[in-house]
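Engineer: This is the structure I want to talk about, given as structure tokens.
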Amino acid sequence: MKRLATAFLVLAMALGVYAQPLLVGHRGSGFGLENSEESFRKGIELGYHYLETDVKLTKDLKFVCTHDDNTTRLGGTLDIATSTLAELQAEELHQRRNGVDYTGRLCSMQEYLQICKEGGVGAVVELKWTAGVNSNDQSNIPLLIQEIEQAGMRDKVIILTSMKPCLEYIRKNYPDITLQFLTGEYWANHFDWCVEHGIDVDIQAGYFDKAAVTRYHTKGLKVNMWTTNSEDGYISYGNMGCDFITTDRLDGHNLPELDPASTRELNYVDYPVTDYTPLVRGHYTLEAPEAWNPQEVASLSKIHFAVFANTGIWYLLGEDARSQRSILAANPATQTVGTVSVPAGFEPEAIAVSADGRLLACNKANAGEAWTLYMWETPEATAEKLLEQNAAGLTGLSLAATGRSDAMKVYVLGMAGEKVAVHGLEVKSGAVVKDVAATTDAFELNEDYPVGMTVSPFSRDNIIFDNQVIEPGVELTFPWASTDGEMRPYATVARLAGPSAGISFGRYGSKLYAVCPYTSAESRKVWFELADVGANTGDMYAVTNTLNPGVTATTGVPCLASGFQAGATAADGATMYGFFQSIGFIQVSFGVPAAAQQPVDLGLKIERQWIFSNTTDNHPGNIDGNNAQQGTACRGKFYVNNCEEKLIHIFDNSGHLGSIPGGAGWGCARDDAGNIVVRDDKNTNGKHSFMIYPADVLPGTTAEAVRFEVEVPMVGQTNFINASGNLLSQEGGHIYLFPNKCNRVNIITVASGAVARVHASEELNYNGSTAGYVCPIADDTENWLYTVRSQGIHGYSGGSNHNVLTSRATTTAPGRNGTGGCALIVEGGNRVLLHNSGSNYMGGFSVRDLTMDKVYCSVDPIGTLGYVDGGNRSTFNWLTVERNGYADYTVYLYCPSNGIACYRLYSPELSGVEAPATEVSEKLTVLRNGTLLTAPGCNGLSLFAADGRLVAETAGDSVETAGMPAGVYILRSGKAVCKVAI
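Heads up, the sequence shown is in the numbering used here, so the first residue is 195 and it goes up one at a time.
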């Protein structure tokens, strides 16, 4: 029985061979006279996949391989434009390269192309300004293409240049030819142009990073770089995900290993980012599962294949009661099934769906028979024939598609002799522009167990193959740009513990997930698991559940298809879909968030409550910035760890209260419950010790710290820490460590004071320099802020990074300075950032509403000691916020060496609406009992959000508000209303 796929792809899989960048020999290679036969042939010997050359036109209209307008740099005397090819090639040229003297002559482009063809490598032809090939005149470009065609290299050439008009001319007149735009420091200025014209890019080394590579990849474009000759450079640019690396001297047979986790890029074309905010969460709860057995399907057991489109449509390929093959379109949302109109005489064998929801279907054909590929814009539309040709071998057993219908790659499974074959078709605007065949020995075909194909979530060029006898599954790279016709192994695919797992990939926010419904032979129930395949650990999230009591699946019957869809709005949450022959469609909602509130102008103001600093002549003792102390605060008390004394000093508005045993490290933070967590080491080898005190601990108490040790994956000096959740409770929380010179954050899950899990985040935009720090948002390991000293504040959302505050350093509030540290308030629809500003390290900060793009207020520095002896050597100021009520907070500032201060941040207009017991408006009295609001004597209540949306309604006198986001609400009963805060 065919399936979409029956494998689970894990990022932390054991990789054998994985995708590596293709090497491009710069001017052939660094051995021999540049652009000479010797340099080109040496490039082939070195294992380069492409040879690059520069071309110009001679007097007799022949293209010659040369970088310059004349030959003087190489010891010659001729100008290219005024010399014939024969005259140029008669010159003996000389060049000293890497201490070796070389002699030779320039190659003609025809000779160069022939060398590439004989050597089985591709050609990268860089256009230099020459007659009829320049930004003002493209009249000789047809002559160039003619020479390429005469050499039989049209499908193996890449044309490269910085002259945009030339590239535009070729794209318009020769749309099948691969193009690259040559650029450097200002690549970002040309990004939109590259996207508009579908042109890849070649960027100079040193002017881009992985974020730039990812940006091009999200638009389906490839990235070349020029030039690196060191193994360190190869590793660096390879791990950025560059598709090509241009080099003079690298040995292609002895390349260092790359980090497969770093080189993977998400396939954003097929799995786009949604606009759901917050983008993704670290855990989910399964909601009411439902099953739907469509009566229009004569027999579920006869359904042959099913695929899911993110449009919410299921396309089913099945057999009706008369055993005639047909295509059905089922919509779980409306629980309807319709028949797709199939052309007369067409017998569909396999189906697929494009990224924009177009249905594709093909027939099965043996050698010499007609093989046809059709596309439907909608299930109701008439089929459009994309291709019809005689099959070279067995064709059409399985089908997979990637990309939108106007720029697709389609993969067709078949046989070529005794080998498994895949037919690759590139479709642009309804026409096939490239046709490539490749084979593999990675698995065998078995008629009893047809192979399912899924385009990889990490690359549009990778295909996951799997069926019930391929053990384990395999991911292969299709050789679109290669000439050997062999699919290259990329990774093994590990199977779930379930007896038969279906798989489908999807985007939820900024992260990639796999939905894995499978049947349990033991319990005969259907299980669902949501797997984060983008995480380093490949961990499963907590969404395992049975379908529902009493509903069982036939033992051993696989899930034929599964899907994943995020809702269009935050209130819709996300849904998993599955199809089982014995049950039908299954729809499972999970992690549905509460409705988001509209932002309002909070009108926040700040008042200082008390201060101890050197400017108020009451500087607190026992605070020393020279040893980079970190401090935190909770319920009116400051906790500052002195790692030299191994003491935690405690202060309140009366002064120094005393101390309790502290840690040997700098880090000291609090979790959301107020528990104090301290680092008890300064190790840089990843092995760390922690101690946790319960909230409100005071000097002289008998409370002892809970202690534990842990080893983290990202190794390096970690000065500061932060925490969230409740580390001492059964539900637990998390500790965050951002090591210096690392671009990942260590996240330690702690429950009941013990380590439950350790993992690293995905890559950040910036490395931790001398110090980095994480600001948690609630207890969500997929959404937090991070700050890197002198690099600003950034947001992390399940693997995606975005700038939050990166204005240039300034000593004038409310600008940012180089100081680290921040705090975030999430209040209804507002996100309010507290960040350091004013003079570096002296304790000034600003309150900025990121949602309203408004600075509410700023605080002047509390001290005078900067980064000097006896001053604030920590380079951070610590801000801690506690919520007193709606639009009412306590802000604690600890500025090492300069002092401590406590502030009230509040809204004169909005704070205070949360009365402790009752609030009356027009005789409506509201009582609170936890999250329950009661209006005694009322028969019917309506609760409205601040923007007027009805969020809850009851016929009684009580409304439950559990799970609703914090904010101002209006409770109404008839004409009586009451403003309340939740």
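Cβ atoms here follow ideal geometry from the backbone N, Cα and C, with glycine treated the same way. The structure displayed is predicted, hence computed values, not measured ones.
How would you label residue 836, buried or exposed, when you count the other beta carbons within 10 angstroms and need 16 or more for buried?
Structural biologist: The residue in question, residue 836, is buried, as its Cβ has 16 or more Cβ neighbours within 10 Å.
Engineer: Measure the CB-CB distance between residue 250 and residue 324 and report whether it falls below 7 Å.
Structural biologist: Yes. Within cutoff.
Engineer: I need the DSSP call for residue 548, collapsed to helix, strand or coil.
Structural biologist: Coil, per DSSP.
Engineer: In angstroms with no decimal places, state the Cα-to-Cα distance between residue 852 and residue 892.
Structural biologist: Approximately 8 Å between the Cα atoms of the pair.
Engineer: Look at the alpha carbon of residue 604 and the alpha carbon of residue 335, and state the distance between them as a whole number of angstroms.
Structural biologist: Distance between the alpha carbons of residue 604 and residue 335 is about 31 Å.
Engineer: Return the chain-ordered list of same chain residues with a C-beta closer than 8 Å to the C-beta of residue 1049, the five sequence neighbours on each side being excluded.
Structural biologist: Closer than 8 Å at Cβ, skipping near neighbours: 1008, 1040, 1041, 1042 and 1043.
Engineer: Just how far apart, CA to CA, sit residue 675 and residue 524?
Structural biologist: Using only the alpha carbons, I get a separation of about 38 Å.
Engineer: What are the boundary residues of the alpha helix (DSSP H) that includes residue 924?
Structural biologist: Residue 924 -> no alpha helix (DSSP H), and no H or E assigned at all.
Engineer: Could you give the distance in angstroms between the alpha-carbon of residue 957 and the alpha-carbon of residue 975?
Structural biologist: Their backbone Cα atoms lie some 14 Å apart in a straight line.
Engineer: Using alpha carbons as the reference points, say which of 1074, 1167 and 218 lies closest to residue 833.
Structural biologist: Closest option to residue 833, Cα to Cα, is 1074.
Engineer: Measuring straight from C-alpha to C-alpha, what distance separates residue 825 and residue 1025?
Structural biologist: When rounded, the distance between both Cα atoms is 24 Å.
Engineer: Looking at residue 1023 and residue 973, is the spacing between their C-beta atoms short of 7 Å?
Structural biologist: The answer is no: Cβ separation not under 7 Å.
Engineer: Less than 8 Å between the CB atoms is what I'm expecting for residue 353 and residue 321, so what's the real figure, rounded?
Structural biologist: Their Cβ separation, rounded to whole angstroms, is 7 Å, which keeps residue 353 and residue 321 in contact under 8 Å.
Engineer: To which residues does DSSP link residue 264 through a beta bridge?
Structural biologist: DSSP output for residue 264 lists 273 as bridge partner(s).
Engineer: I'd like the span of the alpha helix (DSSP H) that includes residue 148, first residue to last.
Structural biologist: In this structure the chain extends from 195 to 1176, so residue 148 is not present and cannot be described.
Engineer: Do the CB positions of residue 802 and residue 1100 come within less than 7 Å of each other?
Structural biologist: No, Cβ-Cβ distance for residue 802 and residue 1100 is not below 7 Å.
Engineer: Nearest CA to the CA of residue 350: which residue from 1171, 828, 572 and 246?
Structural biologist: Selected option, being the one with the closest Cα: 246.
Engineer: Can you grab the Cα-Cα spacing for the pair residue 1033 / residue 1087, in whole Å?
Structural biologist: Approximately 15 Å, taken between the alpha carbons.
Engineer: Rounded to the nearest angstrom, how far is the Cβ of residue 548 from that of residue 599, given a contact under 8 Å?
Structural biologist: So it is a contact: roughly 5 Å between Cβ atoms.
Engineer: Report yes if the C-beta distance between residue 569 and residue 578 is below 7 Å; otherwise report no.
Structural biologist: Going by C-beta atoms, residue 569 is nearer than 7 Å to residue 578.
Engineer: Quick check on this structure: which residue in 258, 940 and 946 has the alpha carbon closest to the alpha carbon of residue 885?
Structural biologist: That would be 946, whose Cα lies nearest to the Cα of residue 885.
Engineer: Work out the CA separation of residue 921 and residue 735 for me, nearest whole Å.
Structural biologist: Caution applies to residue 735, whose pLDDT of 42 falls short of 50 and renders its modelled position unreliable; the value that the coordinates give is listed next. Distance between the alpha carbons of residue 735 and residue 921: 20 Å.
Engineer: Nearest-angstrom Cα distance between residue 537 and residue 560?
Structural biologist: Distance between the alpha carbons of residue 537 and residue 560: 20 Å.
Engineer: Please identify the residue among 829, 813 and 872 whose C-alpha is closest to the C-alpha of residue 842.
Structural biologist: Considering only alpha carbons, the answer is 872.
Engineer: Using the three-state DSSP reduction, which class does residue 408 fall into: helix, strand or coil?
Structural biologist: Here residue 408 sits in helix by DSSP.
Engineer: Mind checking which residues open and close the beta strand (DSSP E) that includes residue 396?
Structural biologist: Where residue 396 is concerned, the enclosing beta strand (DSSP E) stretches over 394-398.
Engineer: Given this structure, state the Cα-to-Cα distance separating residue 864 from residue 1078, to the nearest angstrom.
Structural biologist: Straight-line Cα distance between these residues: approximately 17 Å.
Engineer: Hey, quick one: how far does the beta strand (DSSP E) through residue 433 stretch, first residue to last?
Structural biologist: It is not in any beta strand (DSSP E) - residue 433 instead sits in the alpha helix (DSSP H) that spans 425-433.
Engineer: Whose CA, out of 554, 289 and 1051, lies closest to the CA of residue 509?
Structural biologist: For the residues 554, 289 and 1051, the minimum Cα distance to residue 509 belongs to 554.
Engineer: Evaluate residue 288 with the Cβ neighbour count: other Cβ atoms within 10 Å of its Cβ, from every protein chain shown; 16 or more gives buried, anything less gives exposed.
Structural biologist: Per the 10 Å Cβ criterion, exposed.
Engineer: Could you tell me the boundaries of the beta strand (DSSP E) in which residue 857 lies?
Structural biologist: Counting along the chain, residue 857 falls outside any beta strand (DSSP E), and DSSP gives it neither H nor E.
Engineer: Count the other CB atoms, across all protein chains shown, that sit within 10 Å of the CB of residue 847; report buried if there are 16 or more and exposed otherwise.
Structural biologist: Exposed, because fewer than 16 other Cβ atoms sit within 10 Å of the Cβ of residue 847.
Engineer: Could you check if residue 1105 is buried or exposed, using at least 16 other CB atoms within 10 Å of its CB as the buried criterion?
Structural biologist: Its Cβ being crowded by 16 or more others within 10 Å, residue 1105 is buried.
Engineer: Taking DSSP as the reference, what is the three-state secondary structure of residue 733?
Structural biologist: Summary for residue 733: the model assigns pLDDT 43, below 50, so the residue's position carries little reliability; its value from the coordinates is reported in the next sentence. Correct three-state label for residue 733: coil.
Engineer: Just how far apart, CA to CA, sit residue 232 and residue 597?
Structural biologist: If I take the Cα positions, the gap works out to 41 Å.
Engineer: In chain order, what are the residue ranges of uninterrupted alpha helix (DSSP H) at least 4 long that sit wholly in the stretch 302-353?
Structural biologist: 303-313 and 335-344, all fully within the stretch 302-353.
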